[in-house]
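Working notes, beginning with the structure itself.
In the numbering used here, the protein residues as written are 2 to 230.
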């Protein structure tokens with residue numbers, strides 16, 4: 002199976018907003034197992050707490066929207082380079098900085114790791130676009146929650162998790178959410194448009210236990226699956 006693994010930046014930092022080195026190592030082990038099983042994958046990572054910190058400082062310095070996006074992108078490159086370090090020789094030694102680079106190196110034997118690519122585009126949209134370009138079947142979206150809920154589970158204990166959800170249902174849920182730099186929640190409209198037009202499934206899984214990713218790839222029905230409709 003060809004897939005894109007999106008690792009949410011929130012998973013790469015601990016509660017004190019420090020880079021979580023052990024988590025990088027855990028993800029590297031899982032990624033290695035997926036590749037060993039014969040799957041072809043590209044890894045996309047977010048910027049997490051580092052992105053928010055840089056963007057907040059940019060706001061204080063009156064940086065414009067484009068500059069704030071670039072600060073967020075820079076944070077994803079840091080996280081991508083650390084993921085490459087954790088993967089060792091299995092990964093191409095630098096992050097991919099463009100779609101063209103991904104396509105250029107796709108046929109190689111090394112795993113490709115990608116962060117942000119351009120202003121106005123979340124790493125969720127990057128993952129969706131890379132999946133489209135590489136004709137991948139699935140984006141496995143590892144987040145810090147158990148899947149997609151009908152409302153914020155942190156604020157509403159009665160929130161219900163979807164086992165599966167259609168594009169139109171998810172579009173309705175995210176329609177009122179912010180798309181400011183550093184605030185792309187779960188999945189954004191641009192990413193949703195890409196997976197809809199390409200018929201790509203998205204599997205949302207809780208990445209606080211990286212083994213959940215292995216379970217999802219093994220077709221165990223965990224988290225929430227986004228399907229066409």
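C-beta: ideal position from N, C-alpha, C; glycine also.
For residue 47, the closest of 187, 217, 214, 137 by C-alpha to C-alpha distance is 187. By the neighbour-count definition (other C-beta atoms within 10 Å, threshold 16), residue 76 is a buried residue. In the displayed model, residue 86 falls within a helix according to three-state DSSP. Counting other Cβ atoms within 10 Å of its Cβ, residue 108 stays below 16 and is therefore classed as exposed. Taking 8 Å as the cut-off, the Cβ atoms of residue 114 and residue 205 do not count as close.
The beta-carbon distance between residue 208 and residue 143, rounded to whole angstroms, is 3 Å. This is short enough to meet the 8 Å contact definition. Separation of residue 116 and residue 128 (C-alpha to C-alpha, rounded to the nearest whole angstrom) is 9 Å. Sequence-distant Cβ neighbours of residue 122 in its own chain, meaning closer than 6 Å and more than five residues away, do not exist here.
Taking C-alpha positions only, residue 84 is separated from residue 24 by approximately 10 Å. In the structure shown, residue 223 adopts coil according to DSSP, grouped into three states.
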